[in-house]
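Chains as they are written, first to last, in this note's numbering: chain A, 6 to 89; chain B, 16 to 413.
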Ligand SMILES: Cc1cc2nc3c(=O)[nH]c(=O)nc-3n(C[C@H](O)[C@H](O)[C@H](O)COP(=O)(O)OP(=O)(O)OC[C@H]3O[C@@H](n4cnc5c(N)ncnc54)[C@H](O)[C@@H]3O)c2cc1C
Ligand SMILES: [Zn+2]
């Protein structure tokens with residue numbers, strides 16, 4: 006099981022968290038102005054790297070706050086320096 | 016001298032078609048390119064050993080009882096090919112049509128199941144709705160007590176569904192493709208592409224560059240990595256998917272049982288081990304391993320449904336890397352690069368599609384346009400919105 010570093014609670018068992026996928030995917034500021042391809046890209050396309058990945062977690066059974074981490078998708082290790 | 020099922024050739028300078036990935040899909044694609052289209056100047060490049068990826072790791076459930084017309088058509092095409100595959104490849108792949116139950120544990124499950132049975136029948140797919148008593152009759156060891164937190168309220172049943180021996184399927188396709196002249200090249204990782212404007216000229220590999228008129232991606236969980244080398248993005252997330260087997264036991268279960276609600280599925284292999292699996296680990300991962308609590312929760316579900324499993328021992332757990340798409344349907348067809356084709360997104364359920372996907376993909380590559388059964392699974396469905404939403408509609412995978 007992963008030990009997920011919550012920036013507010015410290016490292017806790019993975020079962021306390023929900024996974025939120027890629028970080029820094031902002032909701033489009035003017036959705037109606039997007040082409041179909043741009044909207045599809047916002048809805049469906051996410052990075053899927055083999056290596057370091059900036060991603061979101063939600064501490065659902067703890068402080069109930071979202072945060073971003075950088076995790077390696079092969080070794081599963083978390084990079085130091087968790088950002089809220 | 017040992018008799019090998021296939022040769023281990025040095026790569027040639029170039030091929031008409033280079034298939035990337037020697038899992039079930041890559042091997043079947045190469046076989047049907049040669050058999051159906053006379054295209055035999057083909058290489059299948061594999062970074063590891065032949066069929067050591069998901070093909071070696073899956074739980075071998077084969078069925079075609081999907082909800083939507085497009086899915087029913089391609090999976091039923093595949094099931095029909097399974098029915099003749101041992102003869103076709105002259106190799107007993109232990110295809111066993113023992114039937115698959117999909118259990119319902121709530122009123123929404125019941126409604127979804129009955130709807131799916133009706134949809135299946137309209138598509139010529141065998142399907143029945145069973146009451147809890149009928150489930151109990153078919154699988155006496157199942158706990159149908161209505162006292163359970165999530166009692167069995169019925170099940171869909173596809174009698175023609177079943178399992179097969181995954182390694183034999185891979186070896187049978189490999190031997191048959193080899194006999195038709197296909198080169199199977201192991202320990203050959205594709206790391207890049209030789210570009211020529213909107214086309215590729217070949218692939219860069221750990222064993223040198225290999226030219227290609229056409230390139231067919233068949234890399235399952237690693238497809239995104241190849242696509243990013245090619246400069247386009249795919250709607251895929253790679254996840255660990257785990258499974259487990261028990262020690263060898265007396266035969267107690269001759270039907271495949273799946274429960275999506277309490278989430279476990281189980282069959283008993285020919286040798287006697289119970290084979291179980293459930294859902295993916297939530298996070299993206301290429302590590303071919305997942306978290307133990309995922310195994311724990313599928314075991315809890317299995318013991319609830321089958322109390323006699325409580326004393327069985329887990330022999331082994333493992334994981335593969337599955338390429339999950341947003342609508343739980345595959346992506347099969349053309350790509351933004353003119354002579355590169357894609358077959359991916361089968362996620363947790365592509366073993367059953369091995370013959371069908373290989374057949375349809377080979378035809379797509381041979382003719383440079385989507386086979387009619389592949390057309391609904393084109394990449395542009397994510398732009399048009401014409402999803403084939405097997406996740407939302409049926410919540411059934413594997
Ligand atoms: C635990 C588990 C249980 C499953 N259960 C079922 C089930 O019950 N029923 C079902 O229908 N499906 C099931 N699946 C899904 C099924 O296994 C896959 O959808 C299917 O095997 C994918 O096609 P494949 O066989 O070609 O993939 P793979 O066998 O994974 O083949 C892809 C190949 O590409 C190679 N490759 C990747 N990158 C490169 C590169 N750069 N260069 C060269 N080679 C490369 C890999 O090494 C690999 O051998 C399960 C999967 C898992 C992991
Ligand atoms: Zn917290």
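Where is the CB? At the ideal position from N, CA and C, for every residue including glycine.
Proximity of the beta carbon of residue 61 of chain A to ligand 2 is not indicated: no heavy atom of the ligand is located closer than 7 angstroms. Within the same chain, Cβ atoms closer than 7 angstroms to the Cβ of residue 14 of chain A are found at 64, 67 and 68, the five residues on either side in sequence being excluded. Residue 215 of chain B carries a strand assignment under DSSP once its states are collapsed to helix, strand and coil. Counting other Cβ atoms within 10 Å of its Cβ, residue 358 of chain B reaches 16 or more and is therefore classed as buried. For residue 305 of chain B, the shortest C-beta to heavy atom distance toward ligand 1 is 7 angstroms or greater.
Relative to ligand 2, residue 67 of chain A has its C-beta within less than 7 angstroms of a heavy atom. Straight through space, the alpha carbons of residue 84 of chain A and residue 396 of chain B are spaced by roughly 36 angstroms. Here residue 359 of chain B is bridged, per DSSP, to B/346. Sequence-distant partners of residue 116 of chain B (beyond 5 residues in either direction) whose C-beta falls short of 8 angstroms from its own C-beta, in its chain, are 145, 150, 153, 154, 170, 171, 172, 270, 271, 272 and 273. By a beta-carbon distance limit of 8 angstroms, residue 290 of chain B contacts residue 260 of chain B. Their separation comes to about 5 angstroms. By the Cβ neighbour-count rule, residue 32 of chain A is exposed, with fewer than 16 other Cβ atoms within 10 Å of its own.
A check of alpha carbon separations from residue 351 of chain B across B/237, B/402 and B/246 identifies B/246 as the nearest.
Distance from the CA of residue 66 of chain B to the CA of residue 190 of chain B, rounded to the nearest whole angstrom, comes to 13 angstroms. Of all residues in the region 303 to 317 of chain B, those with a C-beta nearer than 7 angstroms to a C-beta of chain A are 306, 307 and 308, reading in chain order.
The beta carbon of residue 94 of chain B is closer than 6 angstroms to those of 79 in its chain, skipping five residues each way along the sequence. For residue 61 of chain A, DSSP records a beta bridge to A/26 and A/73.
Residues of chain B whose Cβ lies closer than 7 angstroms to the Cβ of residue 49 of chain A are, in chain order, 250, 341 and 397. Taken from the Cβ of residue 35 of chain B, at least one heavy atom of ligand 1 lies inside 7 angstroms. Ligand 1 approaches residue 72 of chain B closely enough that one of its heavy atoms is under 7 angstroms from the residue's Cβ. In terms of side-chain proximity, the C-beta atom of residue 76 of chain B is found nearer than 7 angstroms to a non-hydrogen atom of ligand 1.
The continuous alpha helix (DSSP H) containing residue 44 of chain A extends over residues 41 to 49.
As a beta-bridge residue in DSSP terms, residue 288 of chain B pairs with B/263.
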